[in-house]
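Just remember that this note's numbering sits 104 ahead of the position in the sequence shown, which is counted from 1.
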Amino acid sequence: MDSSLGVYVHVPFCARICPYCDFAVEAAGAPRAGGGDWEATEDRYVAGLLAELALRAPTFAPRPLASLYF
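What follows is the structure, given as structure tokens:
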């Protein structure tokens, strides 16, 4: 059995939303409902993503990384 690991990292901020895209995304920089700072939103997302990866690292550690997809 192959024990290698593939990791998919979803970053939901795009310059624009393509008409064929089925992913959960937001057009970064576009006006937001209720206002809000895009840079702060992106920073919080990345911090949360890094925290989740750190929590899962012990599970991943013994397995070789075969692919990383953004």
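Every residue gets a Cβ at the ideal spot worked out from N, C-alpha and C, and that includes glycine.
For residue i, the three-state DSSP class (helix, strand or coil)
{"i": "GLY110", "result": "strand"}
{"i": "PHE174", "result": "coil"}
Cβ neighbours of residue i in the same chain (closer than 6 Å, five flanking residues each side left out)
{"i": "LEU172", "result": "VAL111"}
{"i": "VAL113", "result": "PHE174"}
{"i": "TYR149", "result": "none"}
Chain-order list of residues whose beta-carbon lies under 7 Å from that of residue i (same chain, five-residue window excluded)
{"i": "ALA170", "result": "SER108, LEU109 and GLY110"}
{"i": "VAL115", "result": "PHE174"}
{"i": "ALA128", "result": "PRO116"}
Residue span of the alpha helix (DSSP H) that contains residue i, given as start and end
{"i": "ALA128", "result": "Unbroken run through ALA128: none, as it is neither H nor E."}
{"i": "SER158", "result": "For clarity, residue 158 is Ala in the given sequence; the question names Ser instead. Taken as a continuous stretch (DSSP letters only), the alpha helix (DSSP H) holding ALA158 covers 142-164."}
Contacting residues, own chain, Cβ-Cβ under 8 Å from residue i (five flanking each side not counted)
{"i": "GLU146", "result": "PHE117 and ALA132"}
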